[in-house]
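Numbering (full-length UniProt numbering), first residue to last: 1 to 424. Notes follow once the structure below has been shown.
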Ligand SMILES: Nc1ncnc2c1ncn2[C@@H]1O[C@H](COP(=O)(O)OP(=O)(O)O)[C@@H](O)[C@H]1O
Ligand SMILES: O=C(O)[C@@H](O)C(=O)COP(=O)(O)O
């Protein structure tokens with residue numbers, strides 16, 4: 001019987017972490033999500049996979065490196081046998097980019113020579129074909145991700161996104177694994193020697209084939225979106241003994257209204273807000289916030305006046321308004337102000353059932369709530385599980401990546417929370 005976790009995951013944001021955790025559970029692993037390095041205090045975790053959520057996607061490279069390496073030390077101490085760096089299925093990174101440097105640092109520390117680069121998440125329309133990333137029918141650079149407030153994506157070629165981010169000595173060590181190569185079921189010599197192997201993948205079958213191919217190779221660093229995770233989980237649990245028979249945890253929301261917070265400005269989130277128009281909604285005006293005309297107290301008073309099963313507080317705006325706001329107030333400055341306000345709304349409203357839309361926003365909310373770890377429950381939609389804090393507060397939380405979910409997402413979240421609460 002194995003006594004150590006099989007898989008250790010470092011996620012560069014909090015929605016990405018819960019996305020990953022949900023697919024590991026789906027693949028048959030028990031999984032715990034640990035929130036931030038501050039929560040990695042001495043403890044032995046009885047779980048097949050540990051997902052450590054960081055907020056390193058948009059921080060300075062040095063900070064991302066320091067935190068990712070500390071996270072790796074924690075996972076090594078826990079005895080993890082395989083390692084996965086989870087970044088966004090749309091390769092979200094700033095112009096300087098933290099994905100390449102973190103991969104290089106993890107490879108060096110683990111003494112590994114190859115990383116699989118597999119952002120694909122076909123369940124949510126993220127596919128890679130001939131090395132180009134697609135979001136449903138659109139190239140990444142034509143998709144709404146081109147207008148992201150912090151990480152606008154202007155190129156769809158994974159190799160060209162990665163190349164400027166990795167160490168100059170390795171910039172030519174990028175190879176591509178096509179669908180034909182996948183079907184051939186073996187790597188050619190240049191693919192075997194490549195430091196970074198970018199995988200084409202347009203469906204679930206390809207993910208399964210990639211996992212099987214990886215299993216035949218010497219140890220590799222796994223990197224990418226959550227799609228591959230489900231199949232790696234299946235494969236690793238079939239190979240090794242698992243620590244726990246229980247994969248998905250029982251989540252029991254308390255009978256209280258749901259607080260929905262949206263800091264994501266994605267097209268998907270804006271459509272979801274529009275569709276949830278039967279719920280009371282509070283729109284955060286960034287200019288009023290910056291001028292001090294909008295205070296936390298206004299939002300808290302408003303929340304407490306509502307008599308509804310859920311309330312929605314959002315700052316989401318369309319791309320044209322976001323760029324106007326950023327020109328006026330500064331991109332980072334206003335992003336942080338909004339994140340702080342939304343995080344404090346979650347804390348001071350004392351809500352026990354919370355749904356957050358947006359990766360950076362989720363990181364800010366979970367950190368402000370000081371939740372060390374989550375158990376993973378059922379998913380509202382692919383990649384968005386309902387989780388419960390592993391503490392006496394038993395806060396139920398769902399962290400939605402900005403671009404996940406169809407337009408009914410908030411209503412679906414509310415239904416599932418109510419259903420789980422009724423079963424409690
Ligand atoms: N109206 C707005 N103007 C400018 N920035 C905003 C606005 N609303 C939210 N933001 C910021 O945009 C960022 C959105 O990122 P994030 O929460 O990760 O969403 P997503 O998951 O869509 O990427 C956050 O830092 C948030 O504070
Ligand atoms: O891989 C994904 O698409 C998500 O898990 C993710 O990382 C999303 O990031 P945000 O859109 O910033 O929430």
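Yeah, the Cβ is synthetic: ideal placement off N, Cα and C, and Gly gets one too. Everything numeric in this text was worked out from a predicted model, so none of it was measured.
Between ligand 1 and residue 316, a heavy atom-to-CB distance of less than 7 Å is present. The residue from 275, 253, 329 and 263 with its alpha-carbon nearest to that of residue 359 is 263. In the three-state DSSP reduction, residue 198 falls in the strand class (E or B). Distance from the Cα of residue 228 is smallest, within the candidate group 120, 95, 107 and 125, for 120. Around the beta carbon of residue 283, fewer than 16 other beta carbons lie within 10 angstroms, which makes this residue exposed. The residue among 98, 172 and 272 with its C-alpha nearest the C-alpha of residue 312 is 272. Contiguous beta strand (DSSP E) elements confined to the region 203-238 occur at 221-224, taking only those with 3 or more residues. At a cut-off of 7 Å, the beta-carbon of residue 406 does not count as near ligand 2: no heavy atom of the ligand is closer than that. With respect to the C-alpha of residue 83, the residue from 68, 171, 307 and 144 having the closest C-alpha is 68. Per DSSP, reduced to three states, the secondary structure at residue 281 is strand. Under the three-state reduction of DSSP output, residue 8 falls in the strand class. Environment of ligand 2, chain-ordered: 15, 16, 19, 88, 89, 225, 359, 401 and 402, taking every residue with Cβ within less than 5 Å of a heavy atom. Where residue 303 is concerned, the enclosing alpha helix (DSSP H) starts and stops at 296-305. In this structure, residue 177 lies near residue 200, with their beta-carbon atoms less than 8 Å apart. At a Cβ-Cβ threshold of 8 Å, residue 54 and residue 10 count as neighbours.
Taking 8 Å as the cut-off, the beta carbon of residue 34 is found no closer than this to the beta carbon of residue 223. Under a 10 Å Cβ-count criterion, residue 196 is classified as buried, with 16 or more other Cβ atoms of the shown protein chains found around its own Cβ. Looking at 72, 260 and 221, the one whose alpha-carbon comes closest to that of residue 355 is 260. Measuring C-alpha to C-alpha distances from residue 50 to each of 185, 92 and 233 identifies 233 as the nearest. Approximately 20 Å separates the beta-carbon atoms of residue 421 and residue 280; this is outside 8 Å, ruling out the contact.
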